[in-house]
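Read through the structure below, which is laid out as structure tokens, and then see the notes.
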Amino acid sequence: MYRYPSLVPVMDWLPADTPAQPVINKISGNPESGLLLEWQDSVPTSSSYYVIYRFSDDEPVNLEDATRIIGIVPRNIYPGQSWTDYGAAKRTTYKYVITALSRLHHESQGSGAARIRTRGSKRDITNLAF
């Protein structure tokens, strides 16, 4: 219905329960089959869901910019979390940042930006920095 996803407002009247920032472990795949992002919580936490942000290489990381949200993912019961980006373009450099949110919608700090470069059709990506 809306052009960009948004986050549920924080419930300020309840105690803050901000989760720890997640850690991106690995990004693999290619633009044709999708880029698989894998991460985990840096410490055991009260995360309920995660937000995935994607930025072009030349723009600064700004977690206040909802136009850069490409996925909102519920937490699964396993320690490792994952999500696949099917919208990545060929021959492009991206930065991915993931945040964790609590059940009261408090957002953590962003993970370190993972910088990757996509290649041609079926060639895997190049991980530039985690």
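Each residue of the sequence shown is one higher than the one before, counting from 1 in our numbering.
Beta carbons: idealized from backbone N, C-alpha and C, even for Gly.
Given the structure is predicted, the values throughout are model-derived calculations rather than measurements.
Taking the beta strand (DSSP E) that residue 95 falls in, what are its first and last residues? Position 95 of the sequence shown holds residue 95. Run containing residue 95: 93 to 102, per the beta strand (DSSP E) assignment.
Spatial neighbours of residue 135 within its chain, please: CB distance less than 6 Å, with the 5 preceding and 5 following residues excluded, ordered by chain position. Only positions 1 to 130 of the chain appear in this structure, which leaves residue 135 out of reach.
If I'm right that residue 41 touches residue 114 with Cβ under 8 Å, what's the distance once you round it to whole angstroms? What you label residue 41 is simply residue 41 of the sequence shown in a count that begins at 1. What you label residue 114 is simply residue 114 of the sequence shown in a count that begins at 1. Contact flag wrong, Cβ pair sits at about 16 Å.
Within 8 Å, strictly: CB atoms of residue 29 and residue 124: As a working note, residue 29 is residue 29 in the sequence shown. As a working note, residue 124 is residue 124 in the sequence shown. In contact: residue 29 and residue 124 (Cβ atoms closer than 8 Å).
CB contact flag (residue 90, residue 31, <8 Å): Residue 90 sits at position 90 when you count from the first residue of the sequence shown. Residue 31 sits at position 31 when you count from the first residue of the sequence shown. Their beta carbons are under 8 Å apart, which means residue 90 touches residue 31 by this criterion.
Neighbour-count burial assignment, residue 52, 16 or more Cβ in a 10 Å radius: Numbered from 1 along the sequence shown, position 52 holds the residue referred to as residue 52. Per the 10 Å Cβ criterion, buried.
Residue 86 burial status per 10 Å Cβ neighbour count (16 or more: buried): Sequence index remark: in the sequence shown, residue 86 carries index 86 (1-based). With fewer than 16 other Cβ atoms within 10 Å, it is exposed.
Does DSSP put residue 119 in a helix, in a strand, or in coil? For this step, residue 119 is matched to residue 119 along the sequence shown. Residue 119 falls in the coil class under three-state DSSP.
Among the residues of its own chain, which have a CB less than 8 Å from the CB of residue 22, if the five just before and after it don't count? Within the sequence shown, numbered from 1, the residue matching residue 22 stands at position 22. So the qualifying residues of the chain are 39, 40, 41, 42, 47, 50, 81, 98, 99, 100, 108 and 111.
Check this for me: beta carbons of residue 105 and residue 8, under 8 Å apart or not? Position 105 of the sequence shown, counted from the start, is the residue given in the question as residue 105. Position 8 of the sequence shown, counted from the start, is the residue given in the question as residue 8. A contact, by the Cβ cut-off of 8 Å.
Would you call residue 27 buried or exposed, if buried means 16 or more other Cβ atoms sit within 10 Å of its Cβ? Here residue 27 corresponds to residue number 27 of the sequence shown, with the count starting at 1. Buried, because 16 or more other Cβ atoms sit within 10 Å of the Cβ of residue 27.
Which of the three DSSP states is assigned to residue 66 in this structure? As a first step, residue 66 must be located in the sequence shown, where it is residue number 66. Residue state, collapsed to three classes: helix.
Do residue 5 and residue 69 count as a contact pair if the criterion is CB distance below 8 Å? Position 69 of the sequence shown, counting from 1, holds the residue named residue 69. Position 5 of the sequence shown, counting from 1, holds the residue named residue 5. Yes, these two residues count as a Cβ contact at 8 Å.
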